[in-house]
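Counting in this note's numbering, the final residue of the sequence shown is number 1363, and the numbers go up one at a time with none missing.
Think of the CB as a built atom: it goes at the ideal place given N, C-alpha and C, for glycine as much as any other residue.
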Amino acid sequence: MTRCAVNIVHNGADKADITVTWPDGGTRVISFSAGMPANSDSPSEFRFTREGSLNMIRVGVSERFEITDQLALGD
């Protein structure tokens, strides 16, 4: 797994849009709503599981992201 640059835009207490930038310059936007991962800007399947405050997010068959609640929501 590679560590990527992120940009976070908070849209209220429990909402955020996180833009992940890969080393090759590609991006993926993952949106949080009601404090949980909600969707991405990809048409591929979006799913997630949680372990404590860690959100393990999958988009399609090849993309995997690990985003903590603290990073996403500032908690």
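Item, Value
"Rounded straight-line distance, which links the Cα of Ala-1304 to that of Asn-1362", "As written in the sequence, residue 1362 is Gly, which differs from the Asn given in the question. Their Cα atoms are separated by approximately 10 angstroms."
"Counted within 10 angstroms of its Cβ, other Cβ atoms place Pro-1325 as buried (16 or more) or exposed", "buried"
"Alpha carbon of Asp-1302 to alpha carbon of Thr-1315, nearest angstrom", "23 angstroms"
"Cβ separation of Phe-1336 and Asn-1343, assumed to be a contact under 8 angstroms, to the nearest whole Å", "6 angstroms"
"Cβ-Cβ separation, Val-1308 to Val-1294 (assumed contact under 8 angstroms), whole Å", "6 angstroms"
"Gly-1300 versus Gly-1313, Glu-1351, Ala-1322, residue with shortest Cα-Cα distance", "Ala-1322"
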